[in-house]
Each structure stands twice: as C-alpha cells, then as structure tokens.
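Protein chains in written order, with my numbering: chain A, 17 to 249; chain B, 350 to 940.
Glycine is no exception: its CB is placed at the ideal position from the N, C-alpha and C atoms.
Treat the numbers as computed from the prediction; the structure is a model and nothing was measured.
In what follows, a structure is listed as structure tokens, so that the remarks can point back to it.
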Amino acid sequence: MEFSIYRFNPETDTLPKMQRFTLPDDQVEPGMMLLDALLLLKEQDDSLGFRRSCQHGVCGSDGMNINGMNGLACITPLADLEAPVTLRPFPGMPVIRDLIVDMGNFWEQYRRAEPWLINDSPEPEVERKQSPDDREELDGLYECILCGCCSAACPSYWWNPDKFLGPAALLQAARFIQDSRDEATDHRLAQLDDAWKLYRCHTIMNCTQVCPKGLNPSRAIGDIRRTMLKKSL
Amino acid sequence: MNLTRRKFDALIIGAGGAGLRAALQLSNGDAKVAVVSKVFPTRSHTVAAQGGVNAALANVLPDSWHWHMFDTVKGSDYLGDQDAIEYMCRAASKVVYELDHFGVPFSRLDNGNIYQRAFGGQSQNFGQTQAARTCAAADRTGHAILHSLYQQNLRARTHFFDEYFAVDLLRDEQGFVLGVLAFEILTGEPIVIEAKTTLIATGGAGQLFRTTTNALINTGDGMAMALRAGVPLEDMEFVQFHPTGIAGRGMLITEGARGEGGFLVNADGERFMERYAPRAKDLASRDVVSRSIATEVREGRGCGRNRDHVLLDLRHLGADAIHHRLPGIREASMTFLGIDPIEAPIPVFPTCHYSMGGIPTNCLGQVVAPVKDTPEDPVPGLYAAGEAACVSVHGANRLGGNSLLDILVFGRAAANHILEYLSENRYHRPLDEGAVERAMARLTRWDRKDPGDGTAERIEPLRRELRKVMEDHCSVFRTDEVMREGVEKVRALRERLNHAVIADHSATFNTARVEAMELENLMDCALATIRSALGREESRGAHSRIDFPERDDQHWLKHSLYSLVDDSLDYKPVRTQPNTVASFPPKERVY
Chain A
17 MEFSIYRFNP ETDTLPKMQR FTLPDDQVEP GMMLLDALLL LKEQDDSLGF
67 RRSCQHGVCG SDGMNINGMN GLACITPLAD LEAPVTLRPF PGMPVIRDLI
117 VDMGNFWEQY RRAEPWLIND SPEPEVERKQ SPDDREELDG LYECILCGCC
167 SAACPSYWWN PDKFLGPAAL LQAARFIQDS RDEATDHRLA QLDDAWKLYR
217 CHTIMNCTQV CPKGLNPSRA IGDIRRTMLK KSL
Chain B
350 MNLTRRKFDA LIIGAGGAGL RAALQLSNGD AKVAVVSKVF PTRSHTVAAQ
400 GGVNAALANV LPDSWHWHMF DTVKGSDYLG DQDAIEYMCR AASKVVYELD
450 HFGVPFSRLD NGNIYQRAFG GQSQNFGQTQ AARTCAAADR TGHAILHSLY
500 QQNLRARTHF FDEYFAVDLL RDEQGFVLGV LAFEILTGEP IVIEAKTTLI
550 ATGGAGQLFR TTTNALINTG DGMAMALRAG VPLEDMEFVQ FHPTGIAGRG
600 MLITEGARGE GGFLVNADGE RFMERYAPRA KDLASRDVVS RSIATEVREG
650 RGCGRNRDHV LLDLRHLGAD AIHHRLPGIR EASMTFLGID PIEAPIPVFP
700 TCHYSMGGIP TNCLGQVVAP VKDTPEDPVP GLYAAGEAAC VSVHGANRLG
750 GNSLLDILVF GRAAANHILE YLSENRYHRP LDEGAVERAM ARLTRWDRKD
800 PGDGTAERIE PLRRELRKVM EDHCSVFRTD EVMREGVEKV RALRERLNHA
850 VIADHSATFN TARVEAMELE NLMDCALATI RSALGREESR GAHSRIDFPE
900 RDDQHWLKHS LYSLVDDSLD YKPVRTQPNT VASFPPKERV Y
C-alpha cells in the first residue's frame, strides 16, 4: 500500500516535502488501522515523527490530516482509505516536525474558556445533587478528547486563532454553561460576549463533520448563542 | 555542567490521575510544584479507564467501607497490606465526593446521587450478596476524572512541563532524592529539575506484553528509574490479565459490561463461569475469570475459526442500557470489530492490563526500601503513587474499580505528606553533580551512530521480541522451565539493546530517541517481572504456577523485592494488621 507523507525537519529542511512510503502487502492485515500502518512505516524510517498513545481513540494524540480530512489515525480503518494515503499535519497549526504540530495556541484557547467547574457555595459533605435529566445535558459535550481535529478544520480558527476560541474550547465552554452544578453561567456568557471569542463561528460545520467522537461543537456553539440571547431579553 | 536548571519544592513525574491529584493538593497547599509529563496531561493512560471508581457510598445497595476492605483483602489473595487497604477503603467516599465537587460528570440516579454499578469481587456483608460499589461516568470514568483533575490544576495554576521525558532520578550519596534529569522532547535540551521532594506517578508497564489494554506510553519509566536508583521493586510477578480484551487486539471491554448484566459463553453456548464461580459467576475476581477463559480455550471450547476466544454477550441488556451505560465500548466494538454489541456478542480474551507490583511505598506515599535497619525505611525525598507504586493495596490481584481509587487516595496522601516534609526541610540540599553526569550518560548514549559493521541492533525488532518473550514465558499460566528460559531470553535481549542505535539524531521532537529510552525502561521492568515470577513457587492471585498450583501461606505470604543493582530477590512480610479493625486471616478463596 502506498503512502504520501508530509516531511519536515526544521534542522535540515527549508521547505517541507511529500515523501512516498510503501507498506508491503504481506504487512497489511484485515482490520488494520492507519496508526498500525504508521508504526510499521516508522520501522522503515525511525525519523518519521507523529504523536500516538492509547491506540483506540480516547487519548487524542494522533490527530492528523488524512486524505484531506482531519481524523485520528488509530481509529481510521486502513481499508477505508484510498491509496496513496496522503498524510499531512493539521492545517492551520505551526508544524514542529513531520505530522507533529505546535498545539500551544489550542491549549491556550482551551484555558481561556475557563474549563473548570465553578461553585463557591459551601461544600456539602456528600455529592452535589444532579438529576439524570440535568446530567444528560452534558452528554455530547464532556466526551471531548481534545485531539484538535475540529479546531484545525475550522477556517474561522485558521484566520483568527488568537481571538476566536475555536470549536474545541467552545464545546468546553458549553459543557460548563450546561452543568447544573456550575454557578458561573453569567460570568461565562459575559466572557464570551464580544465580536471574536464566540461570534467568529460562521456555522461552517467542519468541526462537526470531522469530530472523531461524533460530537457536535457547532450545535454547542449555537446553544451558547441562544442562551446568551435569552439572557439579554 | 552547563545545563538549564530549575528549582521547585515538589516535583511530580507523570500527569495521570495520581500525579494530577497530588499536584492539585500541592498547588492548593501553596507549594511550588512542577509536573513533568512525556505527553500532554490529558493523553495519560488514566483517560482509558472505563468502568469506575469504588467507594462504599451505598447509593444503590447497602454498603460499608469495611465490606469493601474485606473484598479487597480477599481479592488480593491475602497478599495486600491490610493497613493500606483499610486506609484506602476508609478514604474512598471522601475522595469520590471531592471528584464530584471538582466537576466530574458522574452518571446519576433518579434522586440525583452518583450512579453506582456492580463490579467483580464485590460483596455485601463480608462475602455474601453482590454489592454495587463502582461510581461511574457512563463507561468513560477515567476520561471524566483525568480531564476534571487537569482542569482543576489549570485553575490552581500548577506548573506543567508538557512533553518532557524524565531520564533518571538524581540521588546523592546519603540517599536523598533531589530531583530528576529530563529533556524537553520539542528541543532535545536536557534540563535539571531540582526538588526537595520527587513523586513518581508514571503508571504501569503494560507494554511488556504483546497483547495489552495499555497505551504505547506505558513503559514502566518510573519503575525503571527507581530500580536504577537502587530502589527494589515489589511484587512485580503480579501482572493482571483483564478477562475481556477484544480478542486478538487487546482493547479493553470494561468489567462494567458484566456488571450491567453481560455474561461470557463458550463455543457450546454455555455460561461457563457458573462452573468456576457458582455464586459470583461472571463477576468473580479478574484473576479467576481470566484463568477460566484461558482454561476453556485450552480445553478446546473456544469460539471462532481458531477456537481462540470466548464471547461476551450483552444483547439481553437491550439497546437503551447499552446506549446509556456502555456507549464507549459499543463504539470500540464497532470500530475495531465491526460488531454492534446490541446485535451480536463480542469476542474477548484475557489481555495484559495492570501491574499490581511497583515501587514499594507506605500509606503516606513515601518510598520505602531496606536501606538501614528495616525492610521499610523511607527513602528521603522520594514518593510514589498509583500504578507505578506498590503500597500494596492490590496484593496478588486488583479488584476492578480499585485502581482509580488507589491513584486518588494515595496521590492525595503523598501530597499531604510532602507538604509536611517541606515544612521540616526548608532548603534544597546541594545537588550531586556525579548523579547528573550519570543520568546525562544515559541520554547521550543514544547519540551513538551505527558503526556500519552489521553489529547494530534496532529498537523496534527488540521491542517486539521482548513483548513476545514475556507473552510466551510469563503469561496467565507459568512453569519453572518456561520461565527459566524466559529469564535467559530477557537477559539476552537486554544485552543486545546495548548494541542498539537509532538512525535519527536530530534534536527536534526525536521520537526515536524517546522510544529507545522507553525500551530500556521496559527491559529493566521485564527482568524484575520474570525474575520475581520465577522466584515465587506457589499460585496466588494473578500468579498461576502449573507446577505449584496451590497457594502456600506458610512459605509465601510475603512480598517479593527485586533489586536490579545486584540482580537479587529478597522478601518482606505482608502487613496483616490493619490500623483499627481486626485482621482478615487468609482463607480459601471461593467466589
């Protein structure tokens, strides 16, 4: 099977290049994921750089651009991919080396969303109650693995990565706005209420299309806007 | 040496649940704390824990910490230290309520309380009816906990060194641990991080085996660092094989699947666990279920074309329960097998899952070793918690739901003791430059180029061979002859690793160098594991000897201690005396 992989080593290269790799047929097994293939290709050339860890789509390390779509290598079946499989680093993020990008800005925007539960009421000695219905509001929000596929697929984030929080961070903002145990909803909405952090989303919906966990950041952003609107009425 | 140097009160190596729980406690306690992690914190393997965390909240069925303690002692096959087990079970409710306050999105009961499910080895009333003790966030509890802990650390402004690889501990001649030599993976730059205390929270060594639920990063780094610093490892022969890994691939299917009512069947369609554990059936302890599955397959009742697995049937639970309680494993099953568990059973087989053994510690998280007069003298400045440590609450077999509990309770306890230690040790001790040089040698050794005479070994083939050797020679069933051969093979591989080179010598994000150093760590852990396993001539918990099929309390109710420096085995007694309640004396273990 043929691969075309983006290569760039800042110590030796001035420009990136696409390099051909071949995975011999006898190494291709049924049920194989793209990450399995990458690990074998790395045996051919140990300088091939990519991040990986859990191998089953929960740690979020191995996000990359696969035949033009952002996804996780470990849960992308090789059989579903057209050869040559073209692998590039996430678009819109600075490349450190090969498929490894600098996610510093992504983490910074995550932090700016204040993704932690705020509840300054006296702490009970047991759990704070939450009804199953209130808890269900968090489904589709809390499962995010911070792989970055969505933000790296978002044109608004490409253009204004410093000002627009991006879909991943906004999904987290929605997760805490929705949490019945959180008491900082007004603060959270006020924080987001400017021309950039939230409203640079133009509902392009690439985020929802690429999310490897099947989450819907676009809807979450819409929900924040609606909540904001209701508050202002 | 002209190196970047940073100084902190407390250093934590590893940013999984244990490291982050400790970091939060320290940051809130106003200590200057640094967390070093070779991956971004939310990539740590705690994220993959599915089923939940045990605490006797009694939200669903009557429960008490004392019953939890009994189950844990029995589950450990009486090798667990009962003072540590009491400490953990008593603290459980508190740490779980804290998690709720940190924002963990636990599943809920109709009355708004935390949802709890049944898990293996749990009972009410000291071994009577099944309990429901495992607090769950659907089947993504580890993810929910790890993310919440990271978020709270962001709020507390903990200092993170993300994507830094710890090379070796810096220990002076008096035995004090004074920090670590690490390097920044991004730039390849070495850095000395000095600290008055160092907490190892680097997780387990599941990459020792070919089929494993563990992430590629689980390479026993902290355990190996301890070994090289002269600290022995405790009970390394006890490796948990989880009964339900996806057959042939190893991905975890949570015990919660059986806790919710799923059951195992063999090729005859028989619910075979009824034969092995008449009362607990599919919710017997993990070692028992794994052995039963392996026995079914060995005796020819396995399923599939190669008769090499059994089936986990969830169909009777119905679509609604699977969507709500087990969405993650449905996703995994569909991704990796193309099987929707609502419609068809999942092929499963025991898979390496957890290291019960590790760096010996006491209940305060202090690393203890036979340094002076007793087998348990604290190593000054050094702490360990979580899977990297052996406190020992899991003994010979860990109960499901107790690993998340372990990391929270002992991460927190270690941090509390560190705060105490810091109040008494206000100044940094002078660094031992010799220790820095030795650690640097380990790092620069990988700058060596291929001599081009055909003698150079490569990392990946060695890693693959090691994992195969461990699987063939130190797996679910063990014998003297097979393990003896295994020890020699591991030694030979370790020797060959001395001749290994990497081709990539660039400084920027050199993953080849990281993998080479991880393999060195795995080799040390492999030797500790198989040497300890060969030494223990009995069957207890996860350690099953065909040639010594019985548990032997007279000779073997003791912990193994493997020391790498002189390649020797030693033993120390089990702490059978709890803190405030009566001891649970060893009994025959039936489920």
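CB contact below 8 angstroms: residue i versus chain A
{"i": "residue 451 of chain B", "result": "yes"}
{"i": "residue 685 of chain B", "result": "yes"}
{"i": "residue 397 of chain B", "result": "yes"}
{"i": "residue 493 of chain B", "result": "yes"}
{"i": "residue 541 of chain B", "result": "no"}
{"i": "residue 962 of chain B", "result": "The displayed coordinates of chain B run from 350 to 940. Any statement about residue 962 of chain B would go beyond what the structure contains."}
{"i": "residue 564 of chain B", "result": "yes"}
Residue burial classification, residue i (beta-carbon count within 10 angstroms, cutoff 16)
{"i": "residue 431 of chain B", "result": "buried"}
{"i": "residue 451 of chain B", "result": "buried"}
{"i": "residue 60 of chain A", "result": "exposed"}
{"i": "residue 446 of chain B", "result": "buried"}
{"i": "residue 895 of chain B", "result": "exposed"}
{"i": "residue 473 of chain B", "result": "buried"}
{"i": "residue 899 of chain B", "result": "exposed"}
{"i": "residue 573 of chain B", "result": "buried"}
{"i": "residue 395 of chain B", "result": "buried"}
{"i": "residue 224 of chain A", "result": "buried"}
{"i": "residue 812 of chain B", "result": "buried"}
{"i": "residue 477 of chain B", "result": "exposed"}
{"i": "residue 866 of chain B", "result": "buried"}
{"i": "residue 627 of chain B", "result": "exposed"}
{"i": "residue 545 of chain B", "result": "buried"}
Cβ shell of residue i (< 8 angstroms), same chain only, five flanking positions each side left out
{"i": "residue 758 of chain B", "result": "436, 437, 440, 441 and 444"}
{"i": "residue 98 of chain A", "result": "83"}
{"i": "residue 144 of chain A", "result": "135 and 197"}
{"i": "residue 137 of chain A", "result": "199"}
{"i": "residue 871 of chain B", "result": "554, 556, 557, 568, 569, 573, 812 and 815"}
Any chain B beta carbon closer than 8 angstroms to residue i
{"i": "residue 86 of chain A", "result": "no"}
{"i": "residue 193 of chain A", "result": "no"}
{"i": "residue 177 of chain A", "result": "no"}
{"i": "residue 240 of chain A", "result": "no"}
{"i": "residue 145 of chain A", "result": "yes"}
{"i": "residue 110 of chain A", "result": "no"}
{"i": "residue 142 of chain A", "result": "yes"}
{"i": "residue 151 of chain A", "result": "yes"}
{"i": "residue 21 of chain A", "result": "no"}
{"i": "residue 131 of chain A", "result": "yes"}
{"i": "residue 127 of chain A", "result": "yes"}
{"i": "residue 113 of chain A", "result": "yes"}
Close-in-space but distant-in-sequence residues of the same chain around residue i (CB under 6 angstroms, 5 per side omitted)
{"i": "residue 354 of chain B", "result": "541"}
{"i": "residue 126 of chain A", "result": "185"}
{"i": "residue 738 of chain B", "result": "707, 708 and 710"}
{"i": "residue 820 of chain B", "result": "558 and 559"}
{"i": "residue 108 of chain A", "result": "168 and 174"}
Chain-ordered chain D contacts of residue i [CB-CB under 7 angstroms]
{"i": "residue 97 of chain A", "result": "No chain D is present in this structure, whose protein chains are A and B."}
Beta-carbon proximity list for residue i, same chain, < 7 angstroms, skipping 5 on both sides
{"i": "residue 700 of chain B", "result": "560, 561, 562, 590, 591, 594 and 599"}
- Name the residues in the region 496-508 of chain B whose C-beta lies less than 8 angstroms from a C-beta of chain A; which are they? 496, 497, 500, 501, 503 and 504
- Using Cβ-Cβ distances below 9 angstroms, what residues of the region 62-83 of chain A are close to chain B? 62, 63, 64, 65, 66, 67, 68, 69, 70, 71, 72, 73, 74, 75, 76 and 77
- Residue ranges of each alpha helix (DSSP H) run of no fewer than 4 residues wholly in the region 420-457 of chain B, ordered along the chain? 431-451
- Counting only runs that start and end within the region 573-621 of chain B, where is the alpha helix (DSSP H) found for 4 or more residues in a row? 605-608
- Within the region 619-697 of chain B, ranges of the beta strand (DSSP E) (whole runs, at least 3 residues): 659-662
- Message: Any C-beta of chain A within less than 7 angstroms: which residues of the region 442-467 of chain B qualify?
- Response: 446, 449, 450, 451, 452, 454, 456, 457, 459, 461, 462 and 463
- Task: Select from the region 851-867 of chain B all residues with a C-beta closer than 7 angstroms to any C-beta belonging to chain A, and list them in chain order.
- Result: 851, 852, 853, 855, 856, 857, 858, 860 and 861
- Task: Please name the residues in the region 23-54 of chain A whose beta-carbon is closer than 9 angstroms to at least one beta-carbon of chain B, in chain order.
- Result: 25, 26, 27, 28, 47 and 49
- Task: Would you mind listing the alpha helix (DSSP H) stretches within the region 481-530 of chain B that are 4+ residues and don't spill past its ends, in chain order?
- Result: 490-504
- Query: Mind listing which residues of the region 203-217 of chain A have their C-beta closer than 9 angstroms to chain B's C-betas, in chain order?
  - Reply: none
- Give, in chain order, every residue of the region 159-171 of chain A whose Cβ lies closer than 9 angstroms to some Cβ of chain B. 159, 160, 161 and 162
- Query: Whole beta strand (DSSP E) runs in the region 162-220 of chain A with 3 or more residues, listed along the chain?
  - Reply: none
- Item | Against chain A: residues of the region 622-652 of chain B by CB proximity under 8 angstroms | none
- Query: Listed in chain order, which residues of the region 470-490 of chain B have Cβ atoms closer than 7 angstroms to some Cβ of chain A?
  - Reply: 489
- Message: List, from N- to C-terminal side, the beta strand (DSSP E) runs of 3 residues or more that fit wholly inside the region 692-774 of chain B.
- Response: 695-704, 715-718 and 726-733
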